[in-house]
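Counting in the numbering used here, the final residue of the first sequence is number 498, and the numbers go up one at a time with none missing. Think of the CB as a built atom: it goes at the ideal place given N, C-alpha and C, for glycine as much as any other residue.
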Amino acid sequence: MAKFLTNREENYAQWYNDLVIKADLAENSAVRGCMVIKPYGYAIWEKIQAQLDKMFKATGHVNAYFPLFIPKSFFSKEAKHVEGFAKECAIVTHYRLKNDENGKGIIVDPTAKLEEELIIRPTSETIIWNSYKNWIQSYRDLPILINQWANVVRWEMRTRLFLRTAEFLWQEGHTAHATREEAIEETQKMINVYADFAENFMALPVIKGYKSENERFAGAIDTYAIEALMQDGKALQAGTSHFLGQNFAKAFDVQFTDKTGKLDYVWATSWGLSTRMIGALIMAHSDNNGLVLPPRLAPIQVVIIPIYKNAGQMDSISAVAKKLKADLEAKGISVKFDDRDNNKPGWKFAEYELKGVPVRLALGPRDIENNTVEVARRDTLEKEIVQMDKILTHVLLLLEEIQNNIYKKALEFRKENTFKVDTWDEFVRILDNPGGFILAHWDGTIETEEKIKEETKATIRCIPFDSPDEDGKCIYSGKPSKRRALFARSY
RNA sequence: CGGGGUGUAGCGCAGCCCGGUUAGCGCAUCUGGUUUGGGACCAGAGGGUCGCAGGUUCGAAUCCUGCCACCCCGACCA
């Protein structure tokens with residue numbers, strides 16, 4: 008059918024790239040490493056935003072906005088934090104251009120040099136905590152539960168549409184608390200919100216766990232993550248929530264008076280989820296015919312395609328289609344009636360399969376005569392004929408079923424590609440074929456983790472929250488271990 | 001930053017080795033007509049600083065020099 012895509016089995020990376028372009032989600036821009044998110048791709052992001060925003064507000068958070076620029080001096084206040092981001096910063100040094108004296112275009116005006124350089128935010132902890140310093144004096148000012156929807160810049164050496172771009176869109180939550188316990192509770196709450204969102208809206212099963220010290224966010228005491236498995240057996244970090252302890256409060260001198268009148272530093276968390284999620288969505292569900300979108304995040308949930316030979320037929324089909332569209336919309340479903348005359352039905356079928364529209368309804372003269380609709384579902388590509396009077400409930404149920412089915416399929420895939428491994432040989436062998444998640448014992452040291460990474464490119468994705476206590480031996484060093492970690496090669 | 005590759009119409013490419021009519025093909029676009037239940041067909045039309053700057057030559061997309069950009073493979077990362 009869709010011979011326009013590279014085969015997923017032949018070249019997974021190329022398939023992914025083709026799909027992003029052909030489905031009209033995004034394209035490379037004139038700026039190195041930065042993408043243009045096209046309307047269809049952005050519509051998915053808007054759906055993600057709308058749902059997450061609702062969930063953040065339901066858990067007591069509010070939105071605010073902080074500057075894109077961060078003074079260099081702010082950045083260096085938390086030692087680990089700078090170290091982590093220093094190598095991928097874009098820096099503003101001047102504020103004016105002028106005409107070149109030799110008449111050759113425009114140049115940076117050397118007299119317009121900034122006193123202090125500005126960093127384009129790679130993340131906003133520093134600029135936000137600088138503000139929190141002024142906002143917090145007493146325990147009565149706490150907690151602060153703020154989220155920001157923003158763009159950030161990380162000057163990555165190699166980029167890939169959605170998965171890693173030099174500029175990306177995300178949300179970052181930054182909260183301030185009076186006690187350690189409350190901050191930890193917040194960190195956990197938000198990783199649960201992310202997992203809930205991933206599983207119930209993206210139809211993406213995830214594993215929640217702790218990051219190893221090596222993989223932790225720069226400046227965090229503890230990082231929790233949700234990890235998902237892609238169809239090529241590689242892992243993708245889909246969201247992170249950090250317990251920052253008092254690190255940033257100390258760096259920015261944010262103290263408060265508690266109920267007993269004692270002065271203490273504020274406890275912090277931060278948590279983020281980015282446009283990378285769209286990459287996860289694509290890689291987790293799609294096939295050789297194109298995207299497969301979960302109904303709850305699909306910009307178009309149902310497309311209606313007319314099949315006709317002449318204007319007379321089109322008139323009667325159009326009347327039925329418009330009524331059907333209105334009825335479905337009244338049930339809260341987003342519907343597109345594609346009555347463009349410049350493409351044949353076959354072309355449209357292929358087009359909407361490529362774009363992952365969950366349900367397709369075809370209406371032709373036969374259907375008008377028999378009072379029926381042809382219903383096709385994107386996830387299985389099955390077609391059936393449904394009586395017009397049953398179509399509303401049928402579509403509603405079908406959308407739910409597709410949502411559940413693609414989740415089940417992804418979960419099944421993850422189960423089949425998660426392995427408990429106890430020997431080094433097996434570990435190496437499984438990583439190469441078939442790949443996937445590997446649960447193995449690890450001695451808990453950074454040295455071992457790095458050796459494993461060097462030799463196999465596999466990293467510890469997380470130590471799953473639900474990983475049970477059990478005695479074992481580290482797969483690499485043979486030293487005793489009490490718990491299994493989750494390993495994989497990752498994006 | 002190291003290794004490899006590519007820049008020719010909106011997109012994908014051929015031409016370059018071996019210099020020589022008006023730079024070609026497919027897709028897309030526009031016009032007209034026939035079509036329409038799984039990516040239609042015919043006829044016609046428009047669209048080019050051949051990445052940039054020099055050089056060699058009677059003549060350069062083609063040869064030489066320099067530069068720039070992008071892509072792929074490694075080291076960094078959500």
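Measuring straight from C-alpha to C-alpha, what distance separates residue i and residue j?
{"i": "Y49", "j": "T282", "result": "9 Å"}
{"i": "P365", "j": "T400", "result": "16 Å"}
{"i": "G451", "j": "K486", "result": "9 Å"}
{"i": "K427", "j": "I445", "result": "6 Å"}
{"i": "E90", "j": "F224", "result": "11 Å"}
{"i": "E389", "j": "F175", "result": "37 Å"}
{"i": "L270", "j": "I134", "result": "23 Å"}
{"i": "F63", "j": "N154", "result": "8 Å"}
{"i": "P117", "j": "R128", "result": "24 Å"}
{"i": "G353", "j": "N35", "result": "29 Å"}
{"i": "D439", "j": "L243", "result": "17 Å"}
{"i": "K45", "j": "I28", "result": "10 Å"}
{"i": "Y498", "j": "I324", "result": "47 Å"}
{"i": "E381", "j": "L32", "result": "28 Å"}
{"i": "A531", "j": "G226", "result": "Past the edges of the chain, shown from 8 to 498, lies residue 531, and the structure says nothing about it."}
{"i": "G268", "j": "Y146", "result": "10 Å"}
{"i": "W449", "j": "S488", "result": "6 Å"}
{"i": "V310", "j": "I375", "result": "17 Å"}
{"i": "K257", "j": "S131", "result": "16 Å"}
{"i": "A9", "j": "Q56", "result": "Residue confidence for A9 is low, a pLDDT of 41 falling below 50, so the modelled location carries little weight; the figure read from the coordinates is stated next. Between A9 and Q56, the C-alpha separation is close to 31 Å."}
{"i": "F169", "j": "W52", "result": "11 Å"}
{"i": "A383", "j": "I437", "result": "38 Å"}
Who are residue i's beta bridge partners in DSSP?
{"i": "A93", "result": "According to DSSP, A93 bridges with nothing at all."}
{"i": "E132", "result": "In DSSP, E132 forms no bridge with anything."}
{"i": "T230", "result": "H249"}
{"i": "Y272", "result": "Q262"}
{"i": "N106", "result": "I113"}
{"i": "L493", "result": "L446, C469"}
{"i": "E477", "result": "BP columns for E477 are empty, so no partner."}
{"i": "G297", "result": "D294"}
{"i": "K343", "result": "V310"}
{"i": "L236", "result": "A242"}
{"i": "V382", "result": "L368, E391"}
{"i": "V69", "result": "I153"}
{"i": "F255", "result": "F255 pairs with nothing; no bridge assigned."}
{"i": "F76", "result": "I127"}
Since residue i is in the alpha helix (DSSP H), which residue starts that stretch and which ends it?
{"i": "R373", "result": "372–377"}
{"i": "M284", "result": "283–292"}
{"i": "E193", "result": "187–207"}
{"i": "T100", "result": "Looking at the DSSP string, T100 is not in any alpha helix (DSSP H); the run it does join, the beta strand (DSSP E), is 98–101."}
{"i": "F356", "result": "352–361"}
{"i": "E454", "result": "453–463"}
{"i": "F81", "result": "79–82"}
{"i": "T400", "result": "398–423"}
{"i": "A20", "result": "19–29"}
{"i": "L331", "result": "318–337"}
{"i": "R436", "result": "431–439"}
At which residues does the beta strand (DSSP E) containing residue i begin and terminate?
{"i": "Y217", "result": "214–217"}
{"i": "L251", "result": "242–252"}
{"i": "N154", "result": "151–160"}
{"i": "P471", "result": "466–471"}
{"i": "W177", "result": "174–184"}
{"i": "N35", "result": "33–35"}
{"i": "Q394", "result": "390–394"}
{"i": "L121", "result": "120–127"}
{"i": "V43", "result": "42–44"}
{"i": "V309", "result": "309–313"}
### Message
Counting beta carbon pairs with one atom in the segment 291–309 and one in the segment 257–267, are three or more of them shorter than 8 Å?
### Response
Touching, no, given that fewer than three Cβ pairs across the two stretches are closer than 8 Å.
### Task
Pair every Cβ in the segment 411–423 with every Cβ in the segment 456–465, then say whether three or more of these pairs are closer than 8 Å.
Segments in contact, no.
### Query
For the segment 301–320 against the segment 236–243, are there 3 or more C-beta pairs whose distance is under 8 Å?
With contact defined as three or more Cβ pairs closer than 8 Å, the segment 301–320 and the segment 236–243 are not in contact.
### Message
So, does the segment 115–124 touch the segment 50–70, judging by three or more C-beta pairs under 8 Å?
### Response
Here the segment 115–124 does not lie against the segment 50–70, with fewer than 3 beta-carbon pairs under 8 Å apart.
### Task
Specify whether the segment 355–374 and the segment 300–308 touch according to this definition: at least 3 beta carbon pairs, one from each stretch, less than 8 Å apart.
In this structure the segment 355–374 touches the segment 300–308; the number of beta carbon pairs closer than 8 Å is three or more.
### Query
So, do the segment 212–219 and the segment 191–202 have three or more beta carbon pairs nearer to each other than 8 Å?
Counting C-beta pairs closer than 8 Å gives three or more between the segment 212–219 and the segment 191–202, which meets the contact rule.
### Query
Between the segment 183–199 and the segment 282–291, are three or more C-beta pairs nearer than 8 Å?
The count of Cβ pairs closer than 8 Å, one atom from the segment 183–199 and one from the segment 282–291, stays below three, leaving the stretches out of contact.
### Message
Counting beta carbon pairs with one atom in the segment 136–154 and one in the segment 170–185, are three or more of them shorter than 8 Å?
### Response
Yes, they touch.
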